[in-house]
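**Student:**
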Amino acid sequence: MQPGPVLALELAGADLLPDVGGKAANLGELMRAGLRVPAGFVLTTRAYRQATSAAGLDAIHAALAATAPNDLPRLAVLAADARARVLAADVPPGIADAVRAACAALGPETPVAVRSSATAEDLPFASFAGQQDTFLNVAGADDVLAAVRRCWASLWTDRAVSYRATHGIAPSAVALAVVVQKLVDAAVAGVLFTANPVTGRRHEAVIDASPGLGEAVVSGAVNPDHFIVDSATGKVTERRIGSKGVAVRPLPGGGTEQVSVPVSVPGPCLDVAQLAALELLGRRAELHFGAPQDLEWAIDGGGTLWLTQSRPITTLYPLPSRRRVLDGPRAYFCFSLAQGLTRPLTPMGLACFRLIASSVARAAHFDVPEPLDGPPPYAEAGQRIFFDLTPVVRSSVGRAVVPRVFDVMEARSAAVLRRLFEDPRLSVTVRSPWRVLRHVAPVAARARVPETLLRGLVRPEAALRRVERFGERFRATLVVPAGSTPVQRLDHVERILGQVLFPVVPNIIPLPALGFALLAAAGKLLGAGPGALQPVLRGLPRNVTTEMDLALWQLAAAIRADAAAAALFDGPVPDGEGPDGGVPAELARRYRARELPAVVQSGLAGFLGNYGHRAVAEIDVGMPRWSDDPSHILGVLANYLRLEDPGQAPDRLFTKAANEAEEQVERLAGAAGERGRLRAALVRAALKRTRLFAGLRELPKYHIVEALAAVRGQLRIVGTAVADAGSISEPDDVFFLDLAEAREGLAGTPLQHVVAQRRGDYAQELGRRHIPRVLLSDGTEPEAVHSARPGTVPATAGLLTGAPASAGTVTAPARVILDPQGARLEPGEILVAPSTDPGWTPLFLTAGGLVMEMGGPNSHGAVVAREYGIPAVVGVPNATSLISTGQRITVDGAAGTVVPDA
Numbered sequence: 059m060q061p062g063p064v065l066a067l068e069l070a071g072a073d074l075l076p077d078v079g080g081k082a083a084n085l086g087e088l089m090r091a092g093l094r095v096p097a098g099f100v101l102t103t104r105a106y107r108q109a110t111s112a113a114g115l116d117a118i119h120a121a122l123a124a125t126a127p128n129d130l131p132r133l134a135v136l137a138a139d140a141r142a143r144v145l146a147a148d149v150p151p152g153i154a155d156a157v158r159a160a161c162a163a164l165g166p167e168t169p170v171a172v173r174s175s176a177t178a179e180d181l182p183f184a185s186f187a188g189q190q191d192t193f194l195n196v197a198g199a200d201d202v203l204a205a206v207r208r209c210w211a212s213l214w215t216d217r218a219v220s221y222r223a224t225h226g227i228a229p230s231a232v233a234l235a236v237v238v239q240k241l242v243d244a245a246v247a248g249v250l251f252t253a254n255p256v257t258g259r260r261h262e263a264v265i266d267a268s269p270g271l272g273e274a275v276v277s278g279a280v281n282p283d284h285f286i287v288d289s290a291t292g293k294v295t296e297r298r299i300g301s302k303g304v305a306v307r308p309l310p311g312g313g314t315e316q317v318s319v320p321v322s323v324p325g326p327c328l329d330v331a332q333l334a335a336l337e338l339l340g341r342r343a344e345l346h347f348g349a350p351q352d353l354e355w356a357i358d359g360g361g362t363l364w365l366t367q368s369r370p371i372t373t374l375y376p377l378p379s380r381r382r383v384l385d386g387p388r389a390y391f392c393f394s395l396a397q398g399l400t401r402p403l404t405p406m407g408l409a410c411f412r413l414i415a416s417s418v419a420r421a422a423h424f425d426v427p428e429p430l431d432g433p434p435p436y437a438e439a440g441q442r443i444f445f446d447l448t449p450v451v452r453s454s455v456g457r458a459v460v461p462r463v464f465d466v467m468e469a470r471s472a473a474v475l476r477r478l479f480e481d482p483r484l485s486v487t488v489r490s491p492w493r494v495l496r497h498v499a500p501v502a503a504r505a506r507v508p509e510t511l512l513r514g515l516v517r518p519e520a521a522l523r524r525v526e527r528f529g530e531r532f533r534a535t536l537v538v539p540a541g542s543t544p545v546q547r548l549d550h551v552e553r554i555l556g557q558v559l560f561p562v563v564p565n566i567i568p569l570p571a572l573g574f575a576l577l578a579a580a581g582k583l584l585g586a587g588p589g590a591l592q593p594v595l596r597g598l599p600r601n602v603t604t605e606m607d608l609a610l611w612q613l614a615a616a617i618r619a620d621a622a623a624a625a626l627f628d629g630p631v632p633d634g635e636g637p638d639g640g641v642p643a644e645l646a647r648r649y650r651a652r653e654l655p656a657v658v659q660s661g662l663a664g665f666l667g668n669y670g671h672r673a674v675a676e677i678d679v680g681m682p683r684w685s686d687d688p689s690h691i692l693g694v695l696a697n698y699l700r701l702e703d704p705g706q707a708p709d710r711l712f713t714k715a716a717n718e719a720e721e722q723v724e725r726l727a728g729a730a731g732e733r734g735r736l737r738a739a740l741v742r743a744a745l746k747r748t749r750l751f752a753g754l755r756e757l758p759k760y761h762i763v764e765a766l767a768a769v770r771g772q773l774r775i776v777g778t779a780v781a782d783a784g785s786i787s788e789p790d791d792v793f794f795l796d797l798a799e800a801r802e803g804l805a806g807t808p809l810q811h812v813v814a815q816r817r818g819d820y821a822q823e824l825g826r827r828h829i830p831r832v833l834l835s836d837g838t839e840p841e842a843v844h845s846a847r848p849g850t851v852p853a854t855a856g857l858l859t860g861a862p863a864s865a866g867t868v869t870a871p872a873r874v875i876l877d878p879q880g881a882r883l884e885p886g887e888i889l890v891a892p893s894t895d896p897g898w899t900p901l902f903l904t905a906g907g908l909v910m911e912m913g914g915p916n917s918h919g920a921v922v923a924r925e926y927g928i929p930a931v932v933g934v935p936n937a938t939s940l941i942s943t944g945q946r947i948t949v950d951g952a953a954g955t956v957v958p959d960a
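Per our numbering, the very first residue in the sequence shown carries number 59; after that it's consecutive.
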């Protein structure tokens with residue numbers, strides 16, 4: 059039953075969230091848990107709706123819903139209109155009488171705090187802290203009613219309206235309750251986090267405190283005392299005494315004032331006992347809510363501790379979850395980020411990777427009790443894939459090998475991993491290499507890796523032919539017999555993921571690994587550094603990603619030669635700031651209807667026939683392939699057609715780079731010849747094989763994505779059958795199930811509620827920007843711990859540093875792109891991205907330079923940048939936040955620096 063317009067605070071709770079709002083619900087929950095909260099009452103959302111029913115807000119709701127989140131001027135106009143209407147509305151007499159009675163019950167002229175409590179605040183997924191107004195030291199029922207009206211109006215501040223628009227919360231879905239509580243005349247007050255919001259570490263209380271009311275700390279008006287308390291030991295691990303220049307105090311008769319705090323009181327405003335009491339209180343609140351909390355508290359003149367607010371800490375990254383929890387601290391590496399994927403994976407995408415990971419583990423003779431659950435090191439957090447690297451960190455062999463691999467693949471992760479070696483909780487416990495060899499040797503033997511390496515040295519062309527034959531046999535295994543039932547198709551999917559897919563890696567990767575090893579060997583023979591060797595890697599043959607990009611460029615060239623076809627690509631192209639639209643979407647519609655000119659229709663069909671299995675975020679089977687939706691490719695073609703300088707044509711640049719690389723091989727061989735003919739022959743042979751094999755680096759993932767596309771195709775057919783069985787609403791809902799649930803759906807089990815919940819969770823995770831590279835089992839982000847230490851900021855103002863990836867220097871405007879789908883990159887602009895996978899690389903052809911937050915010198919983006927000869931720096935922390943679109947920057951790919959113009 060819906061409560062009345064006024065409700066005692068102790069009766070509020072999570073079950074009444076739509077009626078009392080987040081703040082009141084949480085305060086009521088604290089009271090139910092037996093924690094000390096000032097007495098008070100709530101004006102429910104029913105009171106707000108009754109008071110504003112005749113204010114004409116429905117028209118405002120509709121106008122706001124039709125306004126884009128980035129149209130801030132329009133949002134501000136509508137917000138001002140809504141505020142004016144609410145302030146002009148009268149409080150209904152029945153509600154006013156109930157407020158007067160509730161105030162009298164608290165005590166005549168008792169000072170109170172009047173706080174907004176919105177239905178879309180203090181929730182597990184968004185705290186909305188500070189979005190609505192609070193009024194302190196309000197005395198008398200008339201003043202309380204005036205403050206209530208102002209709180210209602212604050213639901214429509216510019217900031218609150220913009221925030222809700224950005225988070226996709228419908229204007230008509232929100233309403234405001236108001237909490238009225240006795241004011242604590244605080245001697246000292248502040249905030250308490252039950253987990254460290256900077257480092258992510260759970261069970262570590264972070265306390266800020268200052269004399270007077272807590273408003274001074276919450277509003278940032280004061281530099282408070284800062285404490286960190288280890289919840290496990292009770293020890294104060296950090297103590298920083300703030301200047302505490304001012305305090306907020308209540309005024310007689312109502313209102314507050316800021317007063318100066320005497321400099322003669324330099325000590326902390328909390329003693330050890332009070333810190334312990336606060337930590338315990340926070341722990342009790344966290345236990346009650348089941349999640350870390352952000353609490354506001356106050357200690358009155360008598361020393362009594364009160365809680366005045368509680369909300370979840372929404373910025374913490376979720377802890378890794380795994381089927382079997384192991385004792386002791388664990389270190390998890392984010393595999394998703396290593397693959398250039400910042401977005402979450404769909405549930406089916408995760409399910410597929412659990413089975414793939416199990417196949418890898420079983421091939422290496424690890425025990426996997428249930429393959430569909432993933433192997434023991436596999437974990438998930440925030441719908442991203444993580445792997446437990448603790449055995450690596452605690453092994454002397456792992457410490458020697460894995461960071462060096464990361465150095466070339468993901469430099470920032472390598473640095474984080476090495477810092478973990480300093481943690482005494484993760485000290486070395488395994489020193490023998492035999493445990494590693496016991497698992498690696500069977501895989502190498504089954505794939506005949508030693509034979510492949512020897513063949514690559516002695517008969518390189520034969521080695522290449524063997525790789526080609528493997529690819530042909532691999533593709534044949536992906537074909538499903540015609541007439542297969544949905545259950546048989548699921549069996550086929552599990553066979554691909556659990557048996558067919560993993561052998562791609564050990565059968566192909568030895569050759570590119572040999573190529574890079576020979577490059578290093580040539581460097582040793584020459585005594586040359588990376589600067590002399592890097593040109594050898596430009597314009598590499600047999601790189602399937604480069605071949606794909608150049609094939610798309612050739613299609614653009616053919617379209618350019620047909621004036622009528624080229625004219626179709628004129629018009630608005632999305633800039634990556636919003637969903638696809640404009641020319642690409644319309645051309646995609648016409649392509650599906652077979653209405654495009656022949657050069658475009660047949661050319662695009664040919665391209666998609668060869669590369670349509672690729673996609674942005676392509677390791678997730680839940681993501682549409684280019685053949686499903688060619689809008690992205692059509693947008694890239696529109697970008698290519700704006701390149702007007704023939705000298706900058708990518709095919710010409712690639713050919714030039716390949717010729718220069720061959721010339722560099724001869725120069726280096728000639729230099730070696732000065733020290734002997736044998737040395738010259740060895741250097742030439744090594745570098746020739748480097749160029750033969752290094753381009754194959756992209757081939758294993760290419761084949762894996764072929765398999766994942768085949769899996770996706772079969773799952774779409776299964777999804778149709780599951781929808782026909784009435785278990786899900788749409789065929790594509792199957793990607794929000796796992797493999798076992800898909801089988802249940804075929805049997806008629808209703809799964810609509812599962813899909814709805816997971817779609818909501820997935821949409822929520824899409825908004826997460828920060829993904830940790832390494833995450834400890836207690837929530838600690840080692841990279842954040844290091845960044846928070848003094849002395850980690852570059853000495854040169856504005857200088858950003860990363861790993862050198864592709865030599866050269868360029869100064870040009872930056873284009874920050876978070877998602878390549880529909881992105882617009884003007885020729886010559888410097889692409890700034892969080893990370894890249896092959897779905898991004900068509901953008902590289904016209905880029906003037908590349909800056910990435912992820913990656914190392916041998917990561918995907920770096921390899922492709924070198925082949926195209928564009929300067930690149932990778933592993934640049936927070937590049938997409940620190941650089942703005944349009945800002946001129948200088949990228950030095952040899953020094954690994956990015957310098958914004960002053």
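Ideal placement from N, C-alpha and C gives every residue a C-beta, glycine not left out. All values derive from a computational prediction rather than experimental measurement.
Does DSSP put E262 in a helix, in a strand, or in coil?
**Tutor:** If DSSP states are grouped into helix, strand and coil, E262 belongs with the strands.
**Student:** When you compare each of R924, I928 and P862 to E468 by their alpha carbons, which one comes out closest?
**Tutor:** P862
**Student:** Round the Cβ separation of L610 and V674 to the nearest angstrom and send it over; I've been treating them as touching at under 8 Å.
**Tutor:** That belief does not hold up - the Cβ atoms of L610 and V674 are roughly 14 Å apart, past 8 Å.
**Student:** Sort out for me which residues DSSP pairs C392 with in a bridge.
**Tutor:** DSSP lists F444 as the bridge partner or partners of C392.
**Student:** Could you tell me if R672 is buried or exposed, where buried requires 16 or more neighbouring beta carbons within 10 angstroms of its beta carbon?
**Tutor:** buried
**Student:** Report the start-end ranges of each alpha helix (DSSP H) in the segment 180–236 that is 4 residues or longer and not cut off at the edges.
**Tutor:** 199–212 and 216–224
**Student:** Is P935 closer than 7 Å to V474 when the C-beta atoms are compared?
**Tutor:** no
**Student:** Which residues bound the beta strand (DSSP E) around V170?
**Tutor:** V170 to A176
**Student:** Within the chosen definition, does the segment 212–224 reach the segment 801–821 through at least 3 CB pairs nearer than 8 Å?
**Tutor:** no
**Student:** Relative to the C-alpha of V172, which candidate in G777, R104, A123 and L241 has its C-alpha closest?
**Tutor:** L241
**Student:** Name the DSSP beta bridge partners of L101, please?
**Tutor:** V64 and V236
**Student:** Run through DSSP, which three-state label would E756 get?
**Tutor:** helix
**Student:** For A437 versus D796, is the C-beta distance shorter than 7 Å?
**Tutor:** In this structure, D796 does not lie closer than 7 Å to A437 by Cβ.
**Student:** Below 8 Å, how does it come out for the segment 594–613 and the segment 915–926: are there three or more Cβ pairs, yes or no?
**Tutor:** yes
**Student:** Could you tell me the alpha carbon to alpha carbon distance between A663 and H690, rounded to whole angstroms?
**Tutor:** Distance between the alpha carbons of A663 and H690 is about 14 Å.
**Student:** According to DSSP, M988 sits in a beta bridge with which residue or residues?
**Tutor:** Missing from the structure shown is residue 988; the chain here goes from 59 to 960 and no further.
**Student:** Roughly how many whole angstroms lie between the Cα atoms of V874 and V149?
**Tutor:** 49 Å
**Student:** Ignoring anything shorter than 4 residues or poking outside the segment 76–151, list the alpha helix (DSSP H) runs there in chain order.
**Tutor:** For the segment 76–151, whole alpha helix (DSSP H) runs of length 4 or above, ordered along the chain, are 103–110, 115–123 and 130–146.
**Student:** Where does E519 land, buried or exposed, given buried means 16+ other C-beta within 10 angstroms?
**Tutor:** So E519 ends up on the exposed side.
**Student:** Under DSSP, the alpha helix (DSSP H) around G728 begins and ends at which residues?
**Tutor:** For G728, the enclosing alpha helix (DSSP H) has its first and last residue at P708 to G731.
**Student:** Could you check where the beta strand (DSSP E) with R700 kicks off and where it finishes?
**Tutor:** Element bounds for R700: n/a, residue is neither H nor E.
**Student:** Tell me whether the segment 306–316 and the segment 271–282 touch, counting them as touching only if at least three CB pairs, one residue from each stretch, are closer than 8 Å.
**Tutor:** yes
**Student:** With a cut-off of 8 Å on the beta carbons, I'd call R749 and A719 a contact; round off their distance for me.
**Tutor:** 7 Å
**Student:** Which residues in the same chain have their Cβ closer than 8 Å to the Cβ of R208, if we skip the five residues on either side of it in sequence?
**Tutor:** L145, D191 and F193
**Student:** Considering only the beta carbon of each residue, do T372 and V843 sit closer than 7 Å?
**Tutor:** no
**Student:** Less than 7 Å between C-beta atoms, sequence neighbours within five positions excluded: which residues of the same chain meet that for A953?
**Tutor:** P862
**Student:** Quick check on the DSSP output: the alpha helix (DSSP H) that includes D425 runs from which residue to which?
**Tutor:** Taken as a continuous stretch (DSSP letters only), D425 belongs to no alpha helix (DSSP H), as it is neither H nor E.
**Student:** Out of curiosity, what's the CA-to-CA distance linking A439 and R259?
**Tutor:** 15 Å
**Student:** Relative to the C-alpha of T968, which residue among A930, V813 and G818 is closest?
**Tutor:** Given a span of 59 to 960 for the chain in the structure shown, any question on residue 968 remains unanswerable.
**Student:** Is the segment 120–136 in contact with the segment 152–168, if contact means three or more CB pairs nearer than 8 Å?
**Tutor:** no
**Student:** Taking contact to mean 3 or more Cβ pairs, one atom from each stretch, closer than 8 Å, check whether the segment 335–354 and the segment 302–311 are in contact.
**Tutor:** no
**Student:** How big is the Cα-Cα spacing for A112 and R143?
**Tutor:** 9 Å
**Student:** Can you give me the C-alpha to C-alpha distance between L181 and S368, rounded to a whole angstrom?
**Tutor:** Confidence at L181 is low in this model, with a pLDDT of 49, below 50, so the placement of that residue is unreliable and no value is reported for it.
**Student:** Would you say L699 and R618 are within 7 Å of each other, going by their C-beta atoms?
**Tutor:** yes
**Student:** Along the chain, which unbroken stretches of the alpha helix (DSSP H) at least 4 residues long are found entirely within the segment 738–816?
**Tutor:** 757–782 and 797–804
**Student:** Taking contact to mean at least 3 C-beta pairs separated by less than 8 Å, is the segment 447–462 in contact with the segment 386–401?
**Tutor:** yes
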